[in-house]
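The sequence shown begins at 184 in the working numbering and counts up one residue at a time. Note that CB positions come from ideal geometry on N, CA and C, so glycine has one too. No experiment lies behind these values; they were computed from the predicted model shown. The structure appears right after this line, and notes come after that.
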Amino acid sequence: MIEKIMTKLLNRETISYLFFGVLATVVSIGSYYISSRILINFIGYDETVMCSNVVSWVCAVAFAYVTNKIWVFQSKTKGLKDLLREMSAFVGARLFSFGFEMAWMYITAILIGINDTLCKILAQFAIVVMNYVFSKLFIFKK
């Protein structure tokens with residue numbers, strides 16, 4: 184029974200999603216860190232946290248769409264209409280997890296005062312799960 188579950192979970196798609204998910208997380212945290220260190224010189228802390236989170240989201244979503252489409256789910260869209268439908272579904276789902284992340288960052292980093300980079304890292308665990316479910320069930324379904 185456990186062997187069947189492990190075989191189902193440890194397939195090419197899941198492993199490649201985790202691999203590229205880790206890379207997308209590195210892109211997200213790296214772009215957040217760089218952006219926040221630049222912006223803090225020009226705007227306040229609260230604004231830096233939120234603006235840097237937007238920058239990091241854009242970078243991570245662009246990276247994740249390309250890697251998910253090509254290598255994880257091996258999506259073969261036919262024509263511009265299908266590509267735009269797939270891309271808008273992907274961005275729409277990512278906007279949902281982005282809303283969660285923005286709320287998380289506001290509550291934990293700004294209201295509670297926990298280190299913003301730590302909050303960003305912790306949020307990624309829930310976001311990876313949310314994004315996989317959306318991608319698997321709604322966006323790149325076969």
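Residue i, buried or exposed, once every other Cβ within 10 Å from all chains shown has been counted against 16
{"i": "ILE198", "result": "exposed"}
{"i": "ILE295", "result": "exposed"}
{"i": "PHE252", "result": "The displayed chain sequence assigns Lys, not Phe, to residue 252. The residue in question, LYS252, is buried, as its Cβ has 16 or more Cβ neighbours within 10 Å."}
{"i": "PHE283", "result": "exposed"}
{"i": "ASN298", "result": "exposed"}
Alpha helix (DSSP H) segment containing residue i, residue limits
{"i": "ILE322", "result": "Looking at the DSSP string, ILE322 is not in any alpha helix (DSSP H), and its letter there is neither H nor E."}
{"i": "ALA276", "result": "262 to 288"}
Collapsed DSSP secondary structure at residue i in the structure displayed
{"i": "GLN257", "result": "coil"}
{"i": "GLY227", "result": "coil"}
{"i": "ILE297", "result": "coil"}
{"i": "LEU193", "result": "coil"}
{"i": "MET313", "result": "helix"}
Candidates the options: closest to residue i by CA position
{"i": "CYS302", "options": "SER211, THR190, ILE188 and ASN194", "result": "SER211"}
{"i": "ALA292", "options": "VAL232, TYR215 and ASN194", "result": "VAL232"}
Short CB-CB distance (under 8 Å) between residue i and chain B
{"i": "PHE203", "result": "Among the chains of the structure shown, chain B does not appear; only one protein chain is present."}
#### Entry: Cβ pair count under 8 Å reaching 3, the segment 220 to 230 against the segment 245 to 259
no
### Task
Report yes or no: do three or more beta-carbon pairs, one from the segment 249 to 268 and one from the segment 214 to 226, lie closer than 8 Å?
no
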